[in-house]
Each structure stands twice: as structure tokens, then as C-alpha cells.
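Okay, so here's the structure we're looking at.
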Amino acid sequence: MKKLISIISLLLITAIVFTGCTSGTSDSGSKILRTNNSSEPGSLDPALAQGTHESWILDHTFEGLFKKAEDGTVVPGMAESYTLADDQVTYTFTLRMILNGQMENL
Numbered sequence: 020m021k022k023l024i025s026i027i028s029l030l031l032i033t034a035i036v037f038t039g040c041t042s043g044t045s046d047s048g049s050k051i052l053r054t055n056n057s058s059e060p061g062s063l064d065p066a067l068a069q070g071t072h073e074s075w076i077l078d079h080t081f082e083g084l085f086k087k088a089e090d091g092t093v094v095p096g097m098a099e100s101y102t103l104a105d106d107q108v109t110y111t112f113t114l115r116m117i118l119n120g121q122m123e124n125l
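Going by the numbering used here, the first residue of the sequence shown is number 20, and it counts up by one from there.
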């Protein structure tokens, strides 16, 4: 049994080492999001999405005005800043500028 565990451990370590030895990938310019949902999404329209299958894909495809940080605080997403009008109803958002092809790590 110890010999089998040693062989499996050696194979895993070898696989990990060779995984790190690959050459850098070239960026062809196309961006592909591959997901493994247990079922097909009903709609990818953010206004019509209802379930977790749609929500997971939409969360990774679109960014809202604000997003939640890892510590749970609300931080700006696409909104660079915002102001609240005197009527306490109207918000004015200044959107972050992202040049075509220059996506940030959102």
C-alpha cells in the first residue's frame, strides 16, 4: 500500500512540475468564457434572468455600477463616482472609461 501511495505521489508531483514548464500562451485577441452549468441558461438578458444558471454566467460577463469586495463592502464597479441630487431621488453616475480592447482585471 505504501508503494502505491509513493508511486501516485511521484506521478502527481511530476505532473505539477511539468505543468509549470509550459511556454507562455499567445493572446489571439478572442475572449472565450467556458462554463460548466448543470443545465442550459434560460436567458442571457440581465432583465430576464431568473436562476443561478443565468446569474453565474451574467456575473462573469457583465459588470454593474457597483460590486461587492471580498470583505463584503460595496466598491465602485463601472461607476467611477456618483452624486445624489438635492431631491434625494436622482443619482448621476460618472462611468469609468475603458478603451476598446483594454479590459481591466474587474
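Glycine included, every Cβ here is placed at the ideal spot set by N, Cα and C.
Everything numeric in this text was worked out from a predicted model, so none of it was measured.
Start-to-end residues for the beta strand (DSSP E) that takes in residue i
i                : result
leucine 103      : 98-103
phenylalanine 37 : It is not in any beta strand (DSSP E) - phenylalanine 37 instead sits in the alpha helix (DSSP H) that spans 21-38.
valine 94        : 93-95
threonine 113    : 110-114
Same chain only: Cβ atoms within 7 angstroms of residue i, ignoring 5 sequence neighbours per side
i                : result
lysine 86        : Val94, Gly96
phenylalanine 81 : Pro65
glycine 61       : Gln69, Gly70, Glu73
leucine 103      : Tyr110
Residue i, enclosing alpha helix (DSSP H) - first and last residue
i          : result
leucine 77 : 71-80
Residues sharing a beta bridge with residue i, DSSP
i         : result
lysine 50 : DSSP output for lysine 50 lists no bridge partner at all.
Sequence-distant residues of the same chain with beta carbon closer than 8 angstroms to residue i, five excluded per side
i            : result
tyrosine 101 : Leu84, Tyr110, Thr111, Phe112, Thr113
histidine 79 : Leu52, Thr54
leucine 63   : Glu73, Ile76, Leu77, Thr80
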